[in-house]
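So the sequence lines, in the order shown, correspond to chains A and R.
So for the first sequence, our numbering puts the first residue at 1; every next one is plus one.
So for the second sequence, our numbering puts the first residue at 1; every next one is plus one.
Heads up, the beta-carbon is just placed ideally off N, CA and C, and yes, glycines get one too.
Predicted, not measured: the structure shown is a model, and the values here were computed from it.
Number of protein chains: 2
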Amino acid sequence: MANSPSIGRREQEILTAIVETFISTGEPVGSRTLARRNPEHLSAATIRNVMADLAEAGLLEQPHTSAGRVPSVEGYRYYVERLSGTVKLAPEEEKTIEDVFHGTADVQDFMERTSHVLSLISQGVGVAVTAGGPKQGLDHIHFQRLADQKVLAVVVTRGGLVRDRVLRMSCDLPQSDLDLAARYINENFRGWSLEDAQRELQSRLECERSEYDKLMRSVEELCRSGALNSDADSPDIFVEGTANLLAREEDRQRLRTLLRALEEKQRIVQLLSAYLDTRQEAVRVVIGLEDAMPDLSNFVLIGAPARSGQEVLGRLAVIGPTRMDYQHTMSAVSYITRLFDKLLNDSE
Amino acid sequence: MANSPSIGRREQEILTAIVETFISTGEPVGSRTLARRNPEHLSAATIRNVMADLAEAGLLEQPHTSAGRVPSVEGYRYYVERLSGTVKLAPEEEKTIEDVFHGTADVQDFMERTSHVLSLISQGVGVAVTAGGPKQGLDHIHFQRLADQKVLAVVVTRGGLVRDRVLRMSCDLPQSDLDLAARYINENFRGWSLEDAQRELQSRLECERSEYDKLMRSVEELCRSGALNSDADSPDIFVEGTANLLAREEDRQRLRTLLRALEEKQRIVQLLSAYLDTRQEAVRVVIGLEDAMPDLSNFVLIGAPARSGQEVLGRLAVIGPTRMDYQHTMSAVSYITRLFDKLLNDSE
DNA sequence: TTTAGCACTCCAGAGTCAACAGTGCTAAAA
DNA sequence: TTTTAGCACTGTTGACTCTGGAGTGCTAAA
């Protein structure tokens with residue numbers, strides 16, 4: 001803020017104290033209350049003066065004249081900024097989390113457990129998505145004939161994501177043709193992104209249209225039925241902990257819009273990719289989601305991308321009310337991302 | 001109820017009227033209000049008498065002395081029972097539903113859309129699960145080596161359910177061995193239930209322990225890693241429409257327990273299989289879930305199994321407050337089950 | 001058997017009031 | 001110059017009261 005110069009050490013401490021008491025009690029906090037539980041013994045009057053300054057700087061708000069102060073959105077931001085250095089978790093909690101992830105075999109599984117853990121240890125909703133999307137590198141594909149004109153396509157990406165999809169074909173192909181087609185794709189496009197593979201395949205098919213052989217016809221048919229599609233609906237999305245929202249006293253209407261938003265999987269993906277982009281390393285805290293989603297103002301996102309080496313394989317976050325334990329949630333998110341990296345490097 | 005003999009035609013009509021006005025208004029309904037909107041012109045006094053009878057029979061309740069009447073759980077049951085004959089849906093609504101299911105390729109997909117549709121057209125939560133479980137008949141299995149000691153197993157059941165799972169092996173097998181193992185299992189156990197297949201395999205392995213060849217060793221290793229396991233966590237579970245719950249005025253605490261229950265996927269499966277058993281044909285309405293889940297008393301389940309021919313491939317239901325549009329929801333559930341049967345028979 | 005009338009009950013909302021927590025300001029103390 | 005004590009002022013909250021209205025149950029008449 002422009003007024004930040006006026007914020008000295010004492011102001012910071014008082015702001016922190018206010019935010020923390022407000023988070024734990026939920027009531028506007030007054031100078032007297034603060035004076036009582038304050039380490040340095042400042043009188044209520046002094047605190048009042050500081051509070052007036054902070055309010056003027058836009059970091060605090062006052063519900064009405066004779067009430068205590070409540071942190072403003074800016075106030076939360078300032079608080080969190082000052083916090084972000086200190087990140088650690090109680091060892092026994094680290095242990096608990098680690099136990100939950102014991103035996104995790106693949107990314108989907110990991111993400112599912114992530115949303116669960118996050119919902120347990122935070123006051124918000126645990127959200128986790130796999131990266132999905134057309135940018136994924138192809139590891140390998142397999143086709144299996146299920147019934148007349150129905151084929152199961154199983155696509156495995158480099159990152160270890162598995163996606164299966166039942167294709168409805170316009171003609172019936174025997175298993176032997178499917179195997180050949182799969183082999184062709186695997187041999188030629190291993191490591192390509194799904195997007196590129198599909199495009200290249202398309203153009204090859206067009207070029208050589210004259211000299212079609214049976215193999216290429218199968219491949220074309222499979223592509224047309226969407227074997228390589230990995231469009232919008234494809235990422236896996238895990239949401240858990242919606243019940244947490246009802247614990248706190250909150251506006252019903254707002255909770256409802258949040259719940260509704262969480263049910264539109266599209267929007268979750270948007271939200272997470274909007275705020276947790278690829279380059280960013282650490283845990284990110286976004287206070288007030290109104291930029292990306294106007295109806296989710298006054299909610300908070302604490303999240304990070306899950307990467308194995310350089311590649312982003314998913315994103316995880318907690319979405320909750322402004323009144324939540326930032327410190328703790330940030331630590332947990334951070335710890336889980338580290339765990340992710342570790343578990344996935346161990347096993348590949 | 002024991003008192004049913006005292007319930008004549010007029011009583012029934014008045015009960016129905018009370019239930020319906022209460023569902024739409026949410027307020028206890030009094031004799032005067034009812035008298036005004038009643039087709040046959042009965043006076044408030046007459047209605048009062050009938051209401052007293054119904055209350056005595058346990059079908060109505062009175063929040064307090066000078067308030068109107070509210071249907072009791074028994075009252076709802078009676079109301080629904082009388083209703084169950086008439087089931088039809090507006091043609092344009094049938095159309096809408098059908099559109100949503102357009103292009104559905106597999107059971108999982110169908111169930112996902114089901115939960116979505118149900119959440120849209122009801123005032124409750126749309127829930128759908130695939131049948132899963134160890135009883136499923138095996139159609140075919142495929143193994144794919146992913147990395148050192150990591151194998152992807154894809155299992156397709158008779159009903160068209162696809163389940164993939166990454167196995168962590170204790171030794172590394174080349175793809176060729178995996179293919180042989182898959183072929184062995186497919187040739188020997190096609191049509192068997194997963195449970196039986198696993199058991200039989202187990203015993204064969206034990207018998208012939210002496211004359212182990214490479215093939216059987218692979219098979220054993222795969223089985224041990226859980227290739228055929230299809231235990232508790234395996235069914236797919238789709239829940240949507242939790243936001244609907246917040247629309248109605250309801251006790252926060254109760255909503256919370258419901259939300260929490262819906263997040264424990266175990267319990268959803270239990271709930272649905274408890275009430276929607278295999279033999280039962282039609283839509284089932286359970287008013288008051290307290291038998292199976294004490295904490296979900298006062299909620300209602302309206303659901304049905306989804307079958308293709310004789311086999312049950314999934315279950316679908318709406319879970320919501322007692323105050324909901326029974327008629328409509330029942331029709332929708334019924335329509336979707338018919339659609340399921342149709343779509344899945346078309347395509348196999 | 002149905003209806004009109006009446007006394008009675010209880011709730012919901014409006015209004016009043018006092019206690020209370022908190023503020024801002026001023027003047028004194030450090 | 002900074003901190004603190006004191007004091008007047010303000011808005012909220014909960015308790016209390018009161019009143020109108022909706023609804024009931026009962027009785028007596030149609």
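Item, Value
"Which listed residue (A:Q149, A:L173, A:I141, A:M169) has its alpha carbon closest to that of A:L161", "A:I141"
"Contact set between R:Q144 and chain A, taken where Cβ atoms lie within less than 8 Å", "H140, H142, V154, V156"
"Euclidean distance between Cα positions of A:I185 and R:M111", "31 Å"
"Secondary structure, beta strand (DSSP E): runs of 3+ residues fully inside the region 135-215 of chain R", "138-147, 150-157, 162-168"
"Distance between A:N345 and A:V300 (C-alpha atoms, nearest Å)", "31 Å"
"Residue span of the alpha helix (DSSP H) that contains R:S24, given as start and end", "9-25"
"Short CB-CB distance (under 8 Å) between A:H259 and chain R", "Per the sequence shown, the amino acid found at residue 259 of chain A is Leu instead of His. Yes - at least one Cβ of chain R is within 8 Å of the one on A:L259."
"Three-pair Cβ contact test at 8 Å for the region 241-258 of chain R versus the region 169-185 of chain R", "no"
"Contact under 8 Å by Cβ, R:V19 with R:P71", "yes"
"Reference A:L255, options A:A44, A:L271, A:T322, closest by Cα", "A:T322"
"R:E263: contacting residues in chain A (beta-carbon distance under 8 Å)", "S119, E240, G241, T242, A243"
"Per DSSP, the bridge partner or partners of A:D287", "A small correction: the amino acid at residue 287 of chain A is Ile; Asp does not occupy that position in the sequence shown. Note: A:I287 sits in a beta bridge opposite A:V300."
"Nearest residue (CA-CA) to R:V368, options R:H328, R:E206, R:T96, R:A282", "This structure gives no information on residue 368 of chain R, because the portion of chain R shown stretches from 1 to 348."
"Beta-carbon contacts of R:M169 that lie in its chain and below 8 Å, excluding the five residues immediately before and after", "Q149, K150, V151, E221, L222, S225"
"Other residues of its chain near R:G68: CB distance less than 6 Å, five sequence neighbours each side excluded", "P28, V29, G30"
"Short CB-CB distance (under 8 Å) between A:G160 and chain R", "yes"
"Positions along the region 276-299 of chain A whose CB lies within less than 8 Å of some CB in chain R", "none"
"R:L262 - containing beta strand (DSSP E), residue span", "Segment 252-263 is the alpha helix (DSSP H) holding R:L262; no beta strand (DSSP E) there."
"From A:A131, A:R10, A:Q266, residue whose alpha carbon lies closest to that of A:V107", "A:A131"
"Assigned secondary structure, A:A128 (DSSP; H/G/I helix, E/B strand, else coil)", "strand"
"Chain-ordered chain R contacts of A:L194 [CB-CB under 8 Å]", "Under the 8 Å cutoff, chain R gives no residues; its nearest Cβ is about 17 Å from A:L194."
"CB contact below 8 Å: R:A232 versus chain A", "Low per-residue confidence applies at R:A232: pLDDT is 46, beneath 50, and the placement is therefore not dependable, though the value from the model is reported in the following sentence. Not an interface residue."
"7 Å Cβ cut-off: residues of chain R touching A:A306", "Residues of chain R passing the Cβ test: none, with the nearest at roughly 17 Å."
"Residue-level contact to chain R via CB, A:D213, 8 Å cutoff", "no"
"R:I185 CB to nearest heavy atom of the ligand NAD below 7 Å", "Judged by which ligands are present, the structure shown has none, so any question about the ligand NAD falls away."
"Where R:S247 meets chain A, residues with beta-carbon distance less than 8 Å", "The residue you asked about is not Ser; residue 247 of chain R is Ala in the sequence shown. By Cβ distance, chain A contributes R256."
"Uninterrupted beta strand (DSSP E) stretches inside the region 48-72 of chain A (no shorter than 3 residues)", "none"
"Against chain R: residues of the region 85-101 of chain A by CB proximity under 7 Å", "none"
"A:R315, enclosing beta strand (DSSP E) - first and last residue", "311-321"
"Cross-chain neighbours of A:R48 in chain R, by beta carbon under 7 Å", "The contacting residues do not exist; A:R48 stays about 36 Å from chain R at best."
"Close beta carbons around A:L60, own chain, < 8 Å, minus the five adjacent residues each side", "L15, I18, M51, L54, R69, V70, P71, S72, G75"
"R:L343 versus R:V333: straight-line alpha-carbon distance, rounded", "15 Å"
"Nearest neighbour of A:V286, chosen from A:I7, A:G303, A:R9, A:R158 [CA to CA]", "A:G303"
"Closer than 8 Å to chain A by CB, R:D164", "yes"
"Reduced DSSP category for A:A105 - H, G, I as helix; E, B as strand; rest coil", "coil"
"Exposure of A:A261, with buried meaning 16 or more beta-carbon neighbours within 10 Å", "buried"
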